[in-house]
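Going line by line, the protein sequences match chains A and B.
To convert, note that position 117 of the first sequence is 117 in our numbering; the numbers rise steadily by one, no gaps.
Just add 283 to the spot in the second sequence (first one is 1) and you have our numbering.
Written out below as structure tokens is the structure these notes cover.
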Amino acid sequence: MRDTLSSTISSVTDLLLRSPAAPDVLTEQTGAAFAPVCSVEIEARALSKTFGATPIFSDVSFRLARGEATALVGANGTGKSTLLRCLMGLIPTSGGTVHLLGQQTDKATGRQMRNIRAQVGLVSQKHNLVPRLTVLSNVLHGLLGKHPGIRHWSHSLAPQFSRETAMQALERVGLADFAHRRADRLSGGQSQRVAIARAIVGAPKVLFADEPCASLDPSAGEDVMELFFQLVRDENVTVVFTSHNIEHALKYGDRLLGLAQGRIQLDATAASLSSADLRGLYD
Amino acid sequence: MTDTASPRNERARFELARFERPSAISFLGYALGLVIIFWCLAGAGFSLEKVASSPPRFADFAARAFPPNLDPQVLTRLGWKMVETLQIAVAGAVIGVILSVPVALLAAKGLIAGPLVNQIVRTGLSFIRAVPDIAWALVFVVAVGLGPFAGMLAIVIDTIGFCGRFFADDMEATDKGPAESLTATGARKLDVVACATIPGSLPAFISTSLFALEKAVRSSTILGLVGAGGIGIELKVGFDLFDYPTAMTVILMIAVVVIGIELVSGWARTKIIGEQR
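Now the structure itself:
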């Protein structure tokens, strides 16, 4: 497996060196020579994470620019979801630093962290809606970062402007007619659309998506990905998503980061890669 | 020699043996367990002679208790006492359940309070549960005087001890996904708990609350023995005055009400939890 991976990485590197996009990407990786072409929204420096004595990843460094869609790819257990959670500050890192929207997350106070996260959205593999609540209440919860307090706990208590904002988000995902339906009465695809509405209702600057269509059938998964990226492209939102689907990663990502053996083994623009170039990451 | 030690022979030997021979430590453990059981039986005054002689005495009691006292005046009096018993149980259980929610929030790990507060509150809940409800009733009779109010307060405390612990466990076991999604959008801990953790735990809360109500009804029937209101006082008076027919009527009324509450509670639990997919 290691041989296959090494050969894939070398072939990808060769490919990059031939690609017009290669100089930019490689310059970014050299760190010192990095020249910010546009403002950086997320930066990881020498990031590492261990669970007990088990190392998950180490020495992970990258910078993601505003409006860029980055796909984190790699086999099961390589730490993609863990890396995503470290970037959001949901779990502590074991080493290194993360700068999210200009703020170093491990140095931020609780209030500062909440302010940063109020500009962030998350779509998980499992939609993570609260089952017994209405669709509208679930979407309103996406505003709690900006409007904390009891008035956003339920659609019955919410102020008019928030209800309208939530309804607009539901309209954008095509589920306005389902606003008062209980969340556990929806199909998998509908639930994931509601989760997207909850993530975008607060007009985030950064969106994280952890295998957003992994629990859906291929058709529903394609619809969800299409909708997700259609919504965020127009708003210049920075997106980081994990995916096992190579086609999705290449189609929706501007840039691909490949995790293998606990390290970033691939950092390239989607335009410079093909499906065959990525297969080694999954061997 | 090689043949006897082979895995195949080992497996055949294992399959033939019905019981695995215990190790010396296991054997000592079993022996110690038996000694403890006999010691407890001796301490509890276990006597086969008394067991053998009890059926005639029980038959004598049954002969004097049957038929139960069905005098309309007695039934009316006992009926109102049973209503008071249910009032004590329902009021105590409802207040106890409501107060259990904030207590459980402080007891549950990883929600709104730190580990030290979690441990202090959990220890307090253990203390409440360790003291029997009848002892709490005695304490409240001293504090607020004889009557149903003391009984209700005893039920409140008992319910907090029961529900506080189980609500906390339920919240700790709830799916963390919705809470993580809200935390990721900058929601405060209190908002996350109110919008994700509590709604996610609601079916378990309802189930636990219904058990608490059943427990409260059972407890409230005997609180009257120590003057804390309810039908228990009628049972005590019936036995004290050797009015066994009336005592039997009280026992039957308690049985009917407790079984009825359990049936209603079971039905409600199925209806509510059954709707959860």
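By construction, the Cβ of each residue, glycine as well, lies at the ideal position given by its N, Cα and C atoms.
_By the DSSP assignment, the beta strand (DSSP E) with residue 49(A) in it spans what residues?_
For the purposes of this step, residue 49(A) is taken as the residue at position 49 of the first sequence. 40-51 is the extent of the beta strand (DSSP E) around residue 49(A).
*Supposed contact pair residue 88(A) and residue 122(A) - C-beta distance, whole angstroms, cut 8 Å*: Residue numbering aside, residue 122(A) sits at position 122 when the first sequence is read from its first letter. Residue numbering aside, residue 88(A) sits at position 88 when the first sequence is read from its first letter. Going by Cβ atoms, the distance from residue 122(A) to residue 88(A) rounds to 7 Å, so yes, they are a contact pair.
*Jot down the residue ranges of each uninterrupted beta strand (DSSP E) in the region 123-189 of chain A, minimum 3 residues, whole runs only, in chain order.*
none
*Of all the residues that make up the region 332-360 of chain B, which are near chain A by a beta-carbon distance shorter than 9 Å?*
none
*Beta-carbon proximity list for residue 155(A), same chain, < 7 Å, skipping 5 on both sides*: Taking the first sequence and counting its residues from 1, one reaches residue 155(A) at position 155. Closer than 7 Å at the Cβ level, and outside the excluded window around residue 155(A), lie 134, 136, 137, 140 and 163.
*Answer with yes or no whether the minimum CB distance from residue 117(A) to chain B is below 8 Å.*
In the first sequence, residue 117(A) corresponds to position 117, counting from 1. It does; some Cβ of chain B falls within 8 Å.
*Whole-angstrom distance between residue 513(B) and residue 417(B), CA atom to CA atom*: Along the second sequence, read from residue 1 onward, the residue named residue 417(B) stands at position 134. Along the second sequence, read from residue 1 onward, the residue named residue 513(B) stands at position 230. If I take the Cα positions, the gap works out to 13 Å.
*Measure the beta-carbon distance from residue 476(B) to residue 544(B) and round it to whole angstroms, keeping in mind my assumption that it falls under 8 Å.*
For the purposes of this step, residue 476(B) is taken as the residue at position 193 of the second sequence. For the purposes of this step, residue 544(B) is taken as the residue at position 261 of the second sequence. Wrong, their Cβ atoms sit about 31 Å apart, outside the cutoff.
_Can you pull out the residues from the region 96-112 of chain A whose beta carbon lies closer than 7 Å to at least one beta carbon of chain B?_
none
*Between the C-alpha atoms of residue 96(A) and residue 73(A), what's the straight-line distance to the nearest angstrom?*
Along the first sequence, one-based indexing puts residue 96(A) at 96. Along the first sequence, one-based indexing puts residue 73(A) at 73. If you take the alpha carbons of residue 96(A) and residue 73(A), they lie about 21 Å apart.
_On the DSSP letters alone, give me the boundaries of the beta strand (DSSP E) that residue 355(B) sits inside._
Within the second sequence, numbered from 1, the residue matching residue 355(B) stands at position 72. Careful: residue 355(B) lies outside any beta strand (DSSP E), inside the alpha helix (DSSP H) at 355-390.
*Of all Cβ atoms in chain B, is any one closer than 8 Å to the Cβ of residue 80(A)?*
Within the first sequence, the letter at position 80 stands for residue 80(A). Taking Cβ atoms only, chain B never reaches closer than 8 Å to residue 80(A), which makes this a no.
*How would you call residue 128(A), buried or exposed, if buried means at least 16 neighbouring beta carbons within 10 angstroms?*
Translated into positions along the first sequence, residue 128(A) becomes position 128. Answer is buried; the Cβ neighbour count reaches 16.
_Selection of the region 455-467 of chain B by Cβ proximity to chain A, strictly under 7 Å_ = 460, 461, 463, 464, 465, 466 and 467
*How would you call residue 448(B), buried or exposed, if buried means at least 16 neighbouring beta carbons within 10 angstroms?*
Translated into positions along the second sequence, residue 448(B) becomes position 165. Looking at its Cβ environment, which holds 16 or more other Cβ atoms inside 10 Å, residue 448(B) is buried.
_Per-residue contacts from residue 90(A) into chain B (C-beta, under 8 Å)_ = Mapped onto the first sequence, residue 90(A) falls at position 90. Here the neighbours are 463, 466 and 467.
*Taking the runs of the alpha helix (DSSP H) that are 4 residues or longer, which of them lie wholly in the region 388-451 of chain B?*
398-413 and 416-427
*Chain-ordered residues of the region 466-490 of chain B with a beta carbon less than 7 Å from chain A*: 466, 467, 468, 469, 470, 471, 474, 477, 478, 479, 482, 483 and 485
*Find out if the Cβ-Cβ distance for the pair residue 44(A), residue 58(A) is shorter than 8 Å.*
Counting from one through the first sequence, the residue named residue 44(A) turns up at place 44. Counting from one through the first sequence, the residue named residue 58(A) turns up at place 58. No, the pair does not count as a contact, with Cβ atoms beyond the cut-off.
*Count the CB pairs spanning the region 427-434 of chain B and the region 91-106 of chain A that are closer than 8 Å, and state whether there are at least three.*
no
*Is there a Cβ from chain B that is less than 8 Å from the Cβ of residue 142(A)?*
In the first sequence, residue 142(A) corresponds to position 142, counting from 1. It does: the Cβ of residue 142(A) has a partner Cβ on chain B nearer than 8 Å.
*Starting from the C-beta of residue 421(B), find all residues in its chain whose C-beta is less than 7 Å away, skip the five residues before and the five after it, and write them out in chain order.*
If you number the second sequence from 1, residue 421(B) lands on position 138. Contacts found: 509.
*Residue-chain proximity (residue 76(A), chain B), Cβ-Cβ < 8 Å*: The residue you call residue 76(A) lines up with position 76 of the first sequence. Taking Cβ atoms only, chain B never reaches closer than 8 Å to residue 76(A), which makes this a no.
*Residue from 52(A), 84(A) and 282(A) with nearest C-alpha to residue 125(A)*: Residue numbering aside, residue 125(A) sits at position 125 when the first sequence is read from its first letter. Here the closest residue by C-alpha is 84(A).
*Within 8 Å, strictly: CB atoms of residue 441(B) and residue 491(B)*: Residue 441(B) sits at position 158 when you count from the first residue of the second sequence. Residue 491(B) sits at position 208 when you count from the first residue of the second sequence. No, Cβ-Cβ distance for residue 441(B) and residue 491(B) is not below 8 Å.
*asked:* Are the CB atoms of residue 366(B) and residue 532(B) within a distance shorter than 8 Å?
replied: Along the second sequence, one-based indexing puts residue 532(B) at 249. Along the second sequence, one-based indexing puts residue 366(B) at 83. No. Outside cutoff.
*Could you name each continuous alpha helix (DSSP H) segment of 4 residues or more that falls completely within the region 455-505 of chain B, going from the start of the chain to the end?*
460-466 and 472-475
*Figure out for me which residue from 348(B), 482(B), 409(B) and 444(B) has the closest Cα to the Cα of residue 458(B).*
Within the second sequence, residue 458(B) is the residue found at index 175, counting from 1. When each option's Cα is compared against that of residue 458(B), the closest is 482(B).
_Alpha carbons only, please: which of 502(B), 556(B) and 472(B) is nearest the one belonging to residue 149(A)?_
The residue labelled residue 149(A) in the question sits at position 149 within the first sequence. The option with the nearest alpha carbon to residue 149(A) is 472(B).
*asked:* For residue 3(A), which residues in the same chain have their Cβ closer than 8 Å to its Cβ, ignoring the five residues on either side in sequence?
replied: Locating residue 3(A) in the first sequence gives position 3, counting from the first residue. Unreliable positioning characterises residue 3(A) in this predicted model, as indicated by a pLDDT of 49, which lies under 50. The coordinate reading is nonetheless provided below. Cβ within range, chain order: n/a, list empty.
_CB contact flag (residue 186(A), residue 194(A), <8 Å)_ = Position 186 of the first sequence, counted from the start, is the residue given in the question as residue 186(A). Position 194 of the first sequence, counted from the start, is the residue given in the question as residue 194(A). Yes, they are a contact pair.
_7 Å Cβ cut-off: residues of chain B touching residue 132(A)_ = Residue mapping note: residue 132(A) aligns to position 132 of the first sequence, counting from 1. What residue 132(A) touches in chain B: 482 and 485.
_From the DSSP secondary-structure annotation, give me the bridge partner or partners of residue 55(A)._
One-based indexing of the first sequence puts residue 55(A) at position 55. Paired residues: 50(A).
*Among the residues of its own chain, which have a CB less than 7 Å from the CB of residue 78(A), if the five just before and after it don't count?*
If you number the first sequence from 1, residue 78(A) lands on position 78. So the qualifying residues of the chain are 259 and 260.
*With DSSP run on the structure shown, which of helix, strand or coil describes residue 254(A)?*
Reading the first sequence from its first residue, position 254 is the one you call residue 254(A). Here residue 254(A) sits in coil by DSSP.
*Please name the residues in the region 213-232 of chain A whose beta-carbon is closer than 9 Å to at least one beta-carbon of chain B, in chain order.*
none
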